[in-house]
Structures are given as structure tokens and as C-alpha cells.
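Undergrad:
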Amino acid sequence: MPSTWNIIKSVIDQPSIFKSKEKLYPEYVPSYLPRREDELKKLASFFKTLVLEPGQISQRVLITGGVGVGKTATAKRFGTDIKILARQRGVNLEYVHVNCHRGRSLSYVLQEVSRQLHIPIPPRGLSSNEMYELILKYLEKNNIYLLLTLDEFDYFVEAAGNDAVYFLIRTYDAQPDATKRISFIFITRSLTTISRLDAATESYLLKNTIKFNPYSYDDLYEILKYRVDEAFYPDTIDDGVIEYIARQEGADTGGSGNARLALEILLLAGAAAENEGSPKVTIEHVRRAISETSPNISILVSDVIRYLPLHELLVLLAIVRTLRRIKEPYVRMGEVEVEYRELCSMYGETPRKHTQVYEYVKDLKNRGIIEAYVSRKGYRGKSTLVGVSVGPLDDLEKYILSIVEKVKEK
Ligand SMILES: Nc1ncnc2c1ncn2[C@@H]1O[C@H](COP(=O)(O)OP(=O)(O)OP(=O)(O)O)[C@@H](O)[C@H]1O
Ligand SMILES: [Mg+2]
């Protein structure tokens, strides 16, 4: 019988597959950001003046893009690097990153700036105006230039409103000859909130915009490969496993193009493999991790799908299958109908008429399972394009198949 000592020792001695697990944690900022070279270049050319002619202008850049596309990581990396480059040239540049989701008022933002720059503030409460004055004076006195990122800026705009935004970004409007000590990066997921500001402030913000697109399969493959090298020991994850995760999340392969989700899957799969004492991360570990990270299928959608009529199920199945085959985000209804008729003959069913199939598509769209829209133009004229808004596709296909089988059994 193993002694307690031996049990504990065997766990401690078991070789880990992780070289450095924390490199997969969301707060870790990697020193290299594959597939964001162009965006970094754009940032660098917008902020070049900060290094070459500091104080000449107060630059502002808006970064926009969906969830997990590297906006925060890119801004932080850029800030850290440009600070070093500026200092090498004798420019005293500081980088401050404030998350406006955590605090959504002007006074929170200003307090964060003072805190991160170690600016002593008197214990008695200061108004935002006074606090801002204090910061500007401090920068002037110590000859510091500041690049300030306001991340998740949408929340600030929503909560603090037009005047607060105006107050912050038009600092130097009244003093054109002042040394411009502060420049800004704003990060938002969408432009909707910005469009609610008054026209002048909106166009002021939108002047220099960098759009971050969702990551494709290729992008995610390269990103994951690099992060795997950082976090795992060699030969613990096969390429096929990395490809599988990239395919799940790639924007062109039915996913949302979200690197955070892809990395979370990688971390969970790795942790599962480690817990089992497996020397490798397998596809099966990944599948399990995916079902943990995407409750979409299980909770929201599975209930709806379970009670769909047979032919609506077959239309949905046809959509999922053609999407998987063509590996594009959307597919033409013409192709779906061909697949649908094939499925009908497989299951010994008479296909429903074209108009009925469109009714099913409309219903699936209303239920939020698919997206459907009419393409504007194309070489074959207008056509309806459909995509699936819930993933991953192969889990979905398996699930629909199991329901179809059940319905057919009855
Ligand atoms: N090009 C990349 N190379 C390596 N890692 C990346 C890259 N892009 C994103 N990541 C990683 O993916 C995760 C999500 O990125 P990030 O937090 O920057 O997304 P985001 O666009 O700010 O998302 P959100 O809108 O949800 O805040 C982070 O862990 C980040 O390190
Ligand atoms: Mg972010």
C-alpha cells in the first residue's frame, strides 16, 4: 500500500507539461504579437512625433475591434516599447493604461493617472479640475510626456458623458502654444457609443482610427503556436491540436476570431492533461475544454433545437454541413438547398418546397441560431447568405444529428 508520503511525492515529482503556465493567463502581455505587425506600424507612425518632436502636438488614436482581438495587448506592448525607445533618445515618456470598465468617471481616470505616475495628491478631496491641473503641472515641472490609454472607453463615454470626454481630449484647444504633455489612445469595441457623442467630439475621436479585425484561422494558428512555445515544454502538443483550436475559433472557419477564447481553451486543455498525468495534450482534452468554455450550445441553443420540426432540423443540419465544408463564414442558400435535398433522400423524406425552406430559415434566424442576409450584389445576382452564430460547428452538427436520430426513431 502506498504511504501518504509516496502519494504526495508522486504528484510533486510528476513531470509537468507546462514550462510556464502563467504565460497563458489573460493578464500576461506577450513580448511579441504575431499578426498585429500592421497595427503596430500604424500606431508607431501616429505617435512618431512623441519621440521625434515631443510637445508639438497632442496626438490621439482610436483603436476599435471585437472581443479578444488583441486591442489591449497591442496597446500595452506599444506603450512599453515606445517608452523605452523615447528614453533612449532622451525623451522622458511615461505610459499609463487605465481600464474604464473598472471606474467610469473622470475622477477615477485622473486618480489612476496620479497613482501610476506616483504624483502626490493632497488627502483632502480635489475636484476633477484641480486634479487635472495638478497632473499637468507635475508633468511640466518634471519635463514628462504622457501617453495615456483609456481602455474600454465605451464605458467611460456611457457613464461620464459628453462633457467629460470633451474636458479630457480638448485639453490644449484653449492653449495652442502650450507644450503638449498628454497624448491619447482610446480603445472601444464598437463605434456605436462614440456616435452618440456630439458631432465635433465624435469626429475629433475618429480622426485617427485603427481597426482590429477578428483573427482568421491562419492568424490564430500562428498566435497559438507562439504561445504554446512559451508556455509548454517541447513535444507536449502536436500541430494537429493547435490546428484544431485555431479552426474552432478562426473567423473564417466558423468561429469568432477571439484569441482570448483560443488561449483559454489551450490553458484548460493543458490543465486537464496535466491533472490526468498525460504527457501530451490531446484533441479529446481540447474538446472537453471547448465544452467548458462555450456554454452557448448546451444551454441556450440546445433547448431550442430539441423541439424543432424534423425538416427545420434538416435545413439547419444542411447549413452547418455546407459551412463546415466550404470553411467560410457564410454560405449561399442555393448550396444549402442542394445539401438539404441530399439529406432528405438519405433519411427517406420528401423535401419541402423552396418557400417552406425559406420559412424555416427565417424562423432559425428569429431564434438567433443563424444569421441570414441578402447579399448586395454578386456575379450571380442577389442571393441569401446564411451563417451560424453559435459554435463550434462540429459540436453543433453532432448535436443536431442526435436530435434528428431521436425524431426519426419515434
Ligand atoms: N497577436 C497576438 N499574439 C499573441 N497573443 C495575442 C495576440 N492577440 C491577442 N493575444 C492574446 O489574446 C488575449 C486577448 O487579447 P486582448 O486582451 O488584447 O483582447 P482585446 O481586443 O483587448 O479584447 P476585449 O475587447 O475583450 O478587451 C490576451 O491574452 C492576449 O495576450
Ligand atoms: Mg481589452
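Quick note: the sequence shown uses the numbering used here, first residue 3, plus one each step.
Don't be surprised by glycine CBs; every beta carbon is placed ideally from N, CA and C.
What is the C-beta distance between residue 322 and residue 402, in whole angstroms, given that I count them as a contact (C-beta under 8 angstroms)?
TA: For this step, residue 322 is matched to residue 320 along the sequence shown. For this step, residue 402 is matched to residue 400 along the sequence shown. 7 angstroms between Cβ atoms; contact.
Undergrad: Please name the residue in 207, 144, 79 and 107 whose C-alpha comes closest to that of residue 129.
TA: Here the question's residue 129 lines up with position 127 in the sequence shown. The residue among 207, 144, 79 and 107 with its C-alpha nearest the C-alpha of residue 129 is 107.
Undergrad: Which one of 224, 24, 184 and 18 has the shortest CA to CA distance from residue 99?
TA: Walking along the sequence shown from the start, residue 99 turns up at place 97. Of 224, 24, 184 and 18, the residue nearest in Cα terms is 184.
Undergrad: Could you give the first and the last residue of the continuous beta strand (DSSP E) run that contains residue 185?
TA: Here residue 185 refers to the residue found at position 183 of the sequence shown. Element bounds for residue 185: 184-190.
Undergrad: Could you check if residue 154 belongs to the surroundings of ligand 1, using beta carbon to heavy atom distance under 8 angstroms?
TA: Taking the sequence shown and counting its residues from 1, one reaches residue 154 at position 152. Yes - ligand 1 has a heavy atom lying nearer than 8 angstroms to the Cβ of residue 154.
Undergrad: Any heavy atom of ligand 2 closer than 8 angstroms to the Cβ of residue 189?
TA: As a position in the sequence shown, residue 189 is number 187, starting the count at 1. Correct: residue 189 has its Cβ closer than 8 angstroms to ligand 2.
Undergrad: Comparing C-alpha positions only, which one of 48, 254, 216 and 157 sits nearest to residue 186?
TA: Here residue 186 refers to the residue found at position 184 of the sequence shown. Out of 48, 254, 216 and 157, 48 has the C-alpha closest to the C-alpha of residue 186.
Undergrad: Taking 9 angstroms as the cut-off, decide whether the C-beta atoms of residue 260 and residue 71 are in contact.
TA: Sequence index remark: in the sequence shown, residue 260 carries index 258 (1-based). Sequence index remark: in the sequence shown, residue 71 carries index 69 (1-based). When the beta-carbon positions are compared, residue 260 and residue 71 come within less than 9 angstroms of each other.
Undergrad: Output the distance between the C-alpha atoms of residue 140 and residue 93, rounded to the nearest integer angstrom.
TA: Counting from one through the sequence shown, the residue named residue 140 turns up at place 138. Counting from one through the sequence shown, the residue named residue 93 turns up at place 91. If I take the Cα positions, the gap works out to 16 angstroms.
Undergrad: Of all the options 181, 24 and 209, which has the alpha carbon lying nearest to the alpha carbon of residue 188?
TA: As a working note, residue 188 is residue 186 in the sequence shown. Nearest C-alpha to residue 188: 209.
Undergrad: Which residues bound the beta strand (DSSP E) around residue 214?
TA: Residue numbering aside, residue 214 sits at position 212 when the sequence shown is read from its first letter. Segment 211-214, the beta strand (DSSP E) holding residue 214.
Undergrad: Please go through the same chain and pick out, in chain order, the residues whose beta-carbon is closer than 7 angstroms to the beta-carbon of residue 224, but skip the five residues on each side of it.
TA: Along the sequence shown, read from residue 1 onward, the residue named residue 224 stands at position 222. Taken in chain order, the residues that qualify are 36 and 37.
Undergrad: Would you tell me roughly how many angstroms separate the C-alpha atoms of residue 349 and residue 399, rounded to the nearest one?
TA: In the sequence shown, counting from the first residue as 1, residue 349 sits at position 347. In the sequence shown, counting from the first residue as 1, residue 399 sits at position 397. Cα to Cα, residue 349 sits roughly 16 angstroms from residue 399.
Undergrad: Which two residues bound the contiguous alpha helix (DSSP H) that contains residue 24?
TA: For the purposes of this step, residue 24 is taken as the residue at position 22 of the sequence shown. Per DSSP, residue 24 belongs to no alpha helix (DSSP H) and is neither H nor E.
Undergrad: Identify which residue in 163, 271, 269 and 77 has its Cα closest to the Cα of residue 198.
TA: Translated into positions along the sequence shown, residue 198 becomes position 196. Selected option, being the one with the closest Cα: 163.
Undergrad: Check each candidate in 196, 335, 149 and 122 and name the one with the smallest Cα separation from residue 158.
TA: Against the sequence shown, residue 158 aligns to sequence position 156. Nearest option by C-alpha distance: 196.
Undergrad: Got a sec? Which residues, its chain only, sit under 8 angstroms from residue 226 by beta carbon, not counting five neighbours each side?
TA: Position 224 of the sequence shown, counted from the start, is the residue given in the question as residue 226. Around residue 226: 244, 247, 248, 264, 265 and 268.
Undergrad: Would you mind listing the alpha helix (DSSP H) stretches within the region 113-162 that are 4+ residues and don't spill past its ends, in chain order?
TA: 130-143
Undergrad: Go through its chain and collect everything with a Cβ distance to residue 315's Cβ below 8 angstroms, but skip five positions before and after it.
TA: Taking the sequence shown and counting its residues from 1, one reaches residue 315 at position 313. These residues qualify, in order along the chain: 307, 402, 405, 406 and 409.
Undergrad: Report yes if the C-beta of residue 212 is less than 8 angstroms from at least one heavy atom of ligand 1; otherwise report no.
TA: Position 210 of the sequence shown, counted from the start, is the residue given in the question as residue 212. Residue 212 Cβ: outside cutoff for every heavy atom of ligand 1.
Undergrad: I'd like the span of the alpha helix (DSSP H) that includes residue 314, first residue to last.
TA: Stepping through the sequence shown from its first residue, residue 314 is reached at position 312. Run containing residue 314: 312-328, per the alpha helix (DSSP H) assignment.
Undergrad: Which runs of the beta strand (DSSP E) fall wholly inside the region 58-114 and span at least 3 residues, in chain order?
TA: 62-67 and 95-101
Undergrad: Can you grab the Cα-Cα spacing for the pair residue 182 / residue 173, in whole Å?
TA: Along the sequence shown, one-based indexing puts residue 182 at 180. Along the sequence shown, one-based indexing puts residue 173 at 171. So the alpha carbons of these two residues sit roughly 9 angstroms apart.
Undergrad: Quick check: the region 16-36 against the region 74-85, are there 3 or more CB pairs under 8 angstroms?
TA: Contact holds: three or more Cβ-Cβ distances are below 8 angstroms.
Undergrad: Using the Cα positions of residue 241 and residue 61, report the straight-line distance between them to the nearest angstrom.
TA: One-based indexing of the sequence shown puts residue 241 at position 239. One-based indexing of the sequence shown puts residue 61 at position 59. Rounded to whole angstroms, residue 241 to residue 61 spans 43 angstroms at the Cα level.
Undergrad: Would you give the residue range spanned by the alpha helix (DSSP H) that residue 340 belongs to?
TA: To locate residue 340, count along the sequence shown from 1; it is residue 338. Counting along the chain, the alpha helix (DSSP H) containing residue 340 begins and ends at 335-348.
Undergrad: Taking the C-alpha atoms as reference points, what is the distance between residue 179 and residue 41?
TA: On the sequence shown, position 177 is the one that residue 179 refers to. On the sequence shown, position 39 is the one that residue 41 refers to. The straight-line gap from Cα to Cα measures roughly 31 angstroms.
Undergrad: Measuring from the CB of residue 252, is there a heavy atom of ligand 3 at a distance below 8 angstroms?
TA: The model on display carries ligand 1 and ligand 2 but not ligand 3.
Undergrad: Can you tell me whether DSSP reads residue 373 as helix, strand or coil?
TA: Residue numbering aside, residue 373 sits at position 371 when the sequence shown is read from its first letter. Strand at residue 373.
Undergrad: Consult DSSP for residue 270 and reduce its assignment to one of helix, strand or coil.
TA: Position 268 of the sequence shown, counted from the start, is the residue given in the question as residue 270. Residue state, collapsed to three classes: helix.
Undergrad: Which residue from 67, 276 and 312 puts its Cα closest to that of residue 211?
TA: Taking the first residue of the sequence shown as 1, we reach residue 211 at position 209. Comparing Cα positions, the closest option is 67.
Undergrad: Report yes if the CB atom of residue 279 is closer than 9 angstroms to the CB atom of residue 394, and no otherwise.
TA: What you label residue 279 is simply residue 277 of the sequence shown in a count that begins at 1. What you label residue 394 is simply residue 392 of the sequence shown in a count that begins at 1. Going by C-beta atoms, residue 279 is not nearer than 9 angstroms to residue 394.
Undergrad: Taking residue 390 as part of the beta strand (DSSP E), name the residues at either end of that continuous run.
TA: What you label residue 390 is simply residue 388 of the sequence shown in a count that begins at 1. Residue 390 -> beta strand (DSSP E) spans 386-390.
Undergrad: Have a look at 85, 151, 112 and 239 and flag the residue whose alpha-carbon is nearest the alpha-carbon of residue 133.
TA: Along the sequence shown, read from residue 1 onward, the residue named residue 133 stands at position 131. The candidate whose alpha carbon is nearest that of residue 133 is 112.
Undergrad: Can you tell me whether residue 19 is helix, strand or coil according to DSSP?
TA: Position 17 of the sequence shown, counting from 1, holds the residue named residue 19. The three-state secondary structure of residue 19, taken from DSSP, is coil.
Undergrad: Check this for me: beta carbons of residue 286 and residue 18, under 9 angstroms apart or not?
TA: Looking up residue 286 in the sequence shown gives position 284. Looking up residue 18 in the sequence shown gives position 16. Their beta carbons are not under 9 angstroms apart, which means residue 286 does not touch residue 18 by this criterion.
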